[in-house]
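Okay, so here's the structure we're looking at.
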Amino acid sequence: MEARAAVDDVALGREAWSVLDANWTGSATVPAPGLYPHQWNWDSTFVAIGLSRCDTRRAGAELLSLLAGQWRTGMVPHIVFHPASAEAYFPGPSVWRSQDHPASPNEVLTSGLTQPPLQGFALWWMWRHTTDREMAAALVRRLYPMLAAQHDYLTTARDLGGGGLAAIVHPWESGMDDSPVWDAPLEALPQVRYAYRSEGFPDGHLDSHHDRYVWLALRYRDSGYDATYLREDHPFAVEDPMFNGIWLASCQALAELAPLAGADPQPYREAVERIRAALLERLWADGVFHTRDLRSGRLSPVCTVGCFGPMLDPGLPTERVADLVRLLESPRFMGAVGYPVPSCEIRAPQFDRSRYWRGPSWMNTNWLLRRAAVIHDQTGLAQVLGAGTLRLVRQAGFRECFDPFDGSGRGSRDFSWSAALTLDLLADTVEP
Ligand code: 2M8
């Protein structure tokens, strides 16, 4: 176990700031030094959330830099590349070839996939917590049309199941890359082997699926990132409860911010209703939400932290909330571990305490679940999630993820969202 001396809140906050400063490139924050040398979509958005109470300018800069990578289709990419370290991460710009696509931004190199659409929620969070209302209002006016375009993209290009949800077309789009819920759809793909170098990945990161990730990305790229191809031919299309729960939360946020941006809230209110109904109709079974593989029609039998994403919906029926809270607190998840929240239910055969998204606890999903607990007045749960999450960083530092049993750190060190969300939790410990 990589113990780290307990520090008081002021010292912990100072450490968090120094991580964020070291990972700042001048226009955005990279997830971690070394392994992730570019701007990642939901990483930056969690950084913006964490900075909302204390630095509106930098929170806004983070979102603006990400949205500079937005395609004219409305798609917000999962990576915005820093030209200086272009090929320092695989797959880099030479694999994605965004510059060859007419809808990509002219000056910015990006990937061709997206990640959970958290930006609407982050903008609302910033507006709610800022100490500089004027700057925040200007940011809302500037960013709102971009987020409206992102929403239109998800509605038109990603409802591949025709039921009102957005489908992801690659595990990387979920942000929970190695989650066991992708095993079945990935194993239905052809076996491939690429001769790229894979050294340098941290513990538990790389498995035999990585070649299929690359294969899928290349297929989509070679279609010209085409929406019809996605609908008709692309072999990976999955409806994920976390991605859609986050989308719903952002729609709710866009409805609330609409008056400030001079926009009509009604389409977003309707989207909230539509996504909620679709989540319940298409993904709910046996007391929890599941991922649906649109190509096989099957729901995943494995329960992961992603299955709780729809709890971000304030309008989720009370009985469903009660079912989810019971499961989350049960020995299948938090009830049997020392630290919240294992990314996979611990009794599943796929659970692995050391492999990315197959067991370890992550600060960002802990933060989202704590937020969900607050929304649904689950004060006790919110307190356990907040205190347990802070205990992780006090003990192990700002690691990428953590062993849910003993709290030891895993993956990269000096991880940006772990630092940024610590700042938010420290500011919010009195009243969740
Ligand atoms: C991990 O994903 C990247 C691919 O996008 C990777 O595996 O190299 C995930 O943990 C993802 O959630 C995160 O956004 C990214 C950067 O931290 O790393």
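Residue 962 in the numbering used here sits at position 61 of the sequence shown, with consecutive numbering throughout. Virtual Cβ for every residue (Gly too), placed ideally from N, Cα, C.
| Query | Result |
| --- | --- |
| Counting along the chain, where does the alpha helix (DSSP H) carrying P1168 start and finish? | Q1167 to R1183 |
| Would you call the stretch 911-929 and the stretch 996-1015 in contact, with 3 or more CB pairs under 8 Å? | no |
| By a C-beta neighbour count over all protein chains shown, 10 Å radius and 16 as the cutoff for buried, is T1032 buried or exposed? | exposed |
| Could you name the residues of the same chain whose beta carbon sits closer than 6 Å to that of H1106, not counting the 5 residues immediately before and after it, in chain order? | Confidence at H1106 is low in this model, with a pLDDT of 43, below 50, so its placement is unreliable and the value that follows should be read with caution. Cβ neighbours of H1106 beyond the five flanking positions: Y1257. |
| For the alpha helix (DSSP H) that contains P1160, what are its first and last residues? | P1142 to A1162 |
| What distance in whole Å lies between the Cβ atoms of F1144 and P1086, which are believed to be in contact at a cut-off of 8 Å? | That pair is no contact at about 14 Å. |
| In the DSSP assignment, the alpha helix (DSSP H) including Y937 goes from what residue to what residue? | Where Y937 is concerned, there is no enclosing alpha helix (DSSP H), given that its DSSP letter is neither H nor E. |
| Cα separation between S1313 and A1321? | 15 Å |
| So which residues put a beta carbon under 6 Å from any heavy atom of the ligand 2M8, going in chain order? | P932, Y937, W941, W943, D944, H979, W1073, G1076 and D1078 |
| Mapping the DSSP letters down to three states, classify V931 as helix, strand or coil. | coil |
| Does H1106 come out as helix, strand or coil in the three-state DSSP assignment? | Residue placement at H1106 cannot be trusted, given a pLDDT of 43 that sits under 50; the coordinates are not used to answer. |
| CB-CB under 6 Å to L1014, same chain, minus the five flanking residues each way: which ones, in chain order? | H979, H1071, W1073 and E1074 |
| From what residue to what residue does the alpha helix (DSSP H) around D922 run? | D910 to A923 |
| Under the rule that 16 or more other beta-carbon atoms within 10 Å means buried, what is Q1167, buried or exposed? | exposed |
| List the endpoints of the continuous alpha helix (DSSP H) containing V1285. | T1280 to A1297 |
| Might you give, ordered along the chain, the residues of its own chain that have their beta carbon closer than 8 Å to the beta carbon of D1224, omitting 5 neighbours on each side? | G1188 and V1189 |
| Just how far apart, CA to CA, sit L1293 and Y1130? | 43 Å |
| Mapping DSSP to helix, strand and coil, what is L1324? | helix |
| Could you pull the start and end residues of the alpha helix (DSSP H) that I1276 belongs to? | M1264 to I1276 |
| Run through DSSP, which three-state label would V1203 get? | coil |
| Could you round the C-beta distance between L1066 and I1176 to whole angstroms and report it? I think they count as a contact, below 8 Å. | 7 Å |
| The alpha helix (DSSP H) that contains G1021, what's its start and end? | Q1020 to H1030 |
| Can you tell me where the alpha helix (DSSP H) with G961 in it begins and where it stops? | T957 to L968 |
| What number of angstroms, rounded off, separates the C-alpha of W883 from the C-alpha of F1303? | Nothing in the structure corresponds to residue 883, since the chain is present only between 902 and 1333. |
| Report the CB separation of W1318 from V948 in whole angstroms; it is logged as a contact under 8 Å. | 6 Å |
| In whole angstroms, give me the CA-to-CA distance for L1117 and H1110. | 11 Å |
| Closer than 8 Å: is that where the CB of S1319 sits relative to any heavy atom of the ligand COA? | Of the ligands one can find in the structure shown, namely the ligand 2M8, none is the ligand COA. |
| How far does the alpha helix (DSSP H) with Y1240 in it reach, from first residue to last? | From DSSP, Y1240 is part of no alpha helix (DSSP H); its letter is neither H nor E. |
| I980 bridges to which residues according to DSSP? | W941 |
| Roughly how many angstroms separate the alpha carbons of R1113 and V1139, rounded to a whole number? | 15 Å |
| Out of D1141, G1163, A1156 and R1183, state which residue places its alpha-carbon closest to the alpha-carbon of V1173. | A1156 |
| Classify P1160: buried if its beta carbon has 16 or more other beta carbons within 10 angstroms, exposed otherwise. | exposed |
| For L1327 and L952, which I take to be in contact (beta-carbon distance under 8 Å), what is that distance rounded to the nearest angstrom? | Actually they are not in contact, since the Cβ atoms of L1327 and L952 sit about 13 Å apart, beyond 8 Å. |
| Applying the criterion that 16 or more other CB atoms from any shown protein chain within 10 Å of the CB defines a buried residue, is E903 buried or exposed? | Low confidence applies here, because E903 scores a pLDDT of 40, under 50, leaving its location unreliable; read the following figure in that light. E903 comes out exposed. |
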